[in-house]
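>
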Amino acid sequence: GEDVEQSLFLSVREGDSSVINCTYTDSSSTYLYWYKQEPGAGLQLLTYIFSNMDMKQDQRLTVLLNKKDKHLSLRIADTQTGDSAIYFCAEDRGADGLTFGKGTHLIIQP
Amino acid sequence: DTAVSQTPKYLVTQMGNDKSIKCEQNLGHDTMYWYKQDSKKFLKIMFSYNNKELIINETVPNRFSPKSPDKAHLNLHINSLELGDSAVYFCASRSTGGGEKLFFGSGTQLSVL
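Protein chains in written order, with my numbering: chain A, 402 to 511; chain B, 9 to 121.
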C-alpha cells in the first residue's frame, strides 16, 4: 500500500519503556523521522535516522531501523508523564515532502 | 524568533465564505508546504511549493489555492468554505537537498459553522 502504518494507541506505565512501531512504504526513502505532537500544539521533530543506519540513540530515545522489512521503531526509556503525546512516523518522499503515519497516541498510566 | 509562523491561530467562519491563512518562514528555506490535520489527527499533505513549482495533492479540491508572493511566504486561500473543511492546517518548510528537517508552524484551527 501507499500508507505509512502505525498503531493508533499505546498505553504504558510511568517508568516503563515505550516502543512505538511503524511500517513505511518507500524503500528509496533516505530519511525517516519521528515527530511529537502535544495537545493543542504543532509538530516537533523528535529524532530522525538516515536509511544506511540501523540504530540511533539520543538520551532516552532509541530509533531502530529494519530496512529489509521497512520497519521503524521508537523506544522511549523511563517513560514520564510529559511524554504523553501523539507520535508520528514519517518517511521522506523528496520533492513530495514527508508522508506521515496516522500517529500513535501514547498514554501514560501512573 | 518563530521559525515558521502562521496566522491566524484560530479562524471561525460561516459556510460559503472565503478565507486566507498566512504563513511566513525566516529560515531561508526554499520549499514550503501545507498540511491538513483532521479531527482524528491524521495528517495529509495538500501542497508543496518550490521555486515556483507547485505540486498539488490531487485529492485537494480546487477551492483551495496556495499563493506565494516570495520564497518566505506561502499563503492558503480557501473559497466557498464547507463544513468538511474544518480542521487544523499546518504550514511547514525545509530546504531541499535530501533529508532536510521539516519545520512546522503552530497550526491554524479552522472551524466552519
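For every residue, glycine included, the Cβ atom is placed at its ideal position computed from N, Cα and C.
So, helix, strand or coil for A/Gly402, using DSSP?
The pLDDT assigned to A/Gly402 is 48, lower than 50, so where the model puts this residue is not dependable; a value taken from the coordinates is nonetheless given after this. Coil at A/Gly402, not helix or strand.
> In whole angstroms, give me the CA-to-CA distance for A/Lys471 and B/Asp26.
If you take the alpha carbons of A/Lys471 and B/Asp26, they lie about 42 angstroms apart.
> So which residues on chain A does B/Ser56 lean against when the C-beta distance must stay under 8 angstroms?
Within 8 angstroms Cβ-Cβ: Ala496, Asp497, Gly498.
> Spatial neighbours of A/Ser408 within its chain, please: C-beta separation below 6 angstroms, excluding the five flanking residues on both sides.
These residues qualify, in order along the chain: Thr505.
> Taking the continuous beta strand (DSSP E) assigned at B/Pro74, which residues delimit it?
From DSSP, the beta strand (DSSP E) with B/Pro74 extends over 72 to 75.
> In chain order, which beta strand (DSSP E) runs of at least 3 residues are fully inside the stretch 433 to 496 of chain A?
Complete beta strand (DSSP E) runs here, min 3: 444 to 451, 456 to 459, 462 to 467, 472 to 477, 486 to 493.
> Give, in chain order, every unbroken run of the beta strand (DSSP E) that is at least 3 residues long and sits entirely within the stretch 31 to 80 of chain B.
Runs of the beta strand (DSSP E) inside the stretch 31 to 80 of chain B: 39 to 45, 51 to 58, 61 to 64, 72 to 75.
> Are A/Leu386 and A/Asp484 touching if we call contact CB-CB under 8 angstroms?
Since the first residue of chain A shown is 402 and the last is 511, residue 386 of chain A is not available in this structure.
> Taking only runs of the beta strand (DSSP E) that begin and end inside the stretch 93 to 119 of chain B, which ones reach a length of at least 3 residues, in chain order?
With a minimum length of 3 residues, the continuous beta strand (DSSP E) runs that stay inside the stretch 93 to 119 of chain B are 95 to 102.
> Return the CA-CA distance between A/Ser430 and A/Lys468, expressed in angstroms with no decimal places.
Using only the alpha carbons, I get a separation of about 10 angstroms.
> Taking the straight line between their C-alpha atoms, what separation do you get for A/Val420 and A/Lys437?
So the alpha carbons of these two residues sit roughly 14 angstroms apart.
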